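Protein chains in written order, with the working numbering: chain H, 67 to 181; chain C, 16 to 126.
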């Protein structure tokens, strides 16, 4: 399967700070990037979909000004959680796609804890 | 109604047991169906795709009933290493690649 990396793997920050999460697809070019988050004991929820070089499409209920997504290249996408609050504490997972759902791989995730 | 519903479990079974998980989905237009496995604090990993004719991969058998919008996963001869959360996944409205995840069914296999 494809190799996907995320950085950082975990982060603890104070309320009000911004956190940037990087997702890299190391051995293939991802035309599409999906960003998910998962709260404890809940399902992965799609937050947004981005295509390289264009603006992301956000799911209902996800604030685009709070979760900034940049997909500037085919191997790198970033998610910035701006002015993070404790309710943003979650497991954030990227998933490079474009080859069909059977070839959709997932990054190892970033665990965010906002104090 | 949730788009993908699963029994949360946990299912506690001894090694060697056979265990079955069920899942229902609400979008009749879904075309792709999967079972993923997620270990604690890890990303989900594809276990198997689910086809209308049913499919088997070693000890794992998946079935799909489109009329009932129902998917199942059967695990035979459970191993300790099968302990994980099993996620039922379908593609959702709005795109072939958009995946909708169930909350998962937790399996704990004990000696």
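We put the CB at the ideal spot given by N, CA and C, even for glycine.
Being a predicted model, the structure only gives us computed values, none of them experimental.
- For the 9 Å CB-CB criterion, residue 161/H and residue 179/H do not form a contact.
- Look at residue 97/C here: in three-state DSSP terms it is helix.
- Interface annotation, residue 124/H: not in contact with chain C, CB-CB separation never under 9 Å.
- Residues of the region 42-66 of chain C with a C-beta less than 8 Å from any C-beta of chain H: 47, 49, 56, 57, 58, 59, 60, 61, 64, listed in chain order.
- At a cut-off of 9 Å between beta-carbon atoms, residue 36/C makes no contact with chain H.
- Under the criterion of beta carbons closer than 8 Å, residue 34/C and residue 90/C qualify as touching, at roughly 5 Å.
- The CB of residue 173/H comes closer than 7 Å to the CB of 58 in chain C, given here in chain order.
- In this structure, residue 84/H sits away from residue 101/H, with a CB-CB distance that is not shorter than 9 Å.
- For residue 163/H, the C-beta contacts it makes with chain C under 8 Å involve 112, in order along the chain.
- Unbroken beta strand (DSSP E) stretches of 3 residues or longer found wholly inside the region 107-131 of chain H: 111-117, given in chain order.
- Residue 121/C counts as buried, since no fewer than 16 other beta carbons sit within 10 angstroms of its beta carbon.
- Taking a C-beta cut-off of 7 Å against chain C, the contacting residues of the region 147-161 of chain H are 159, listed in chain order.
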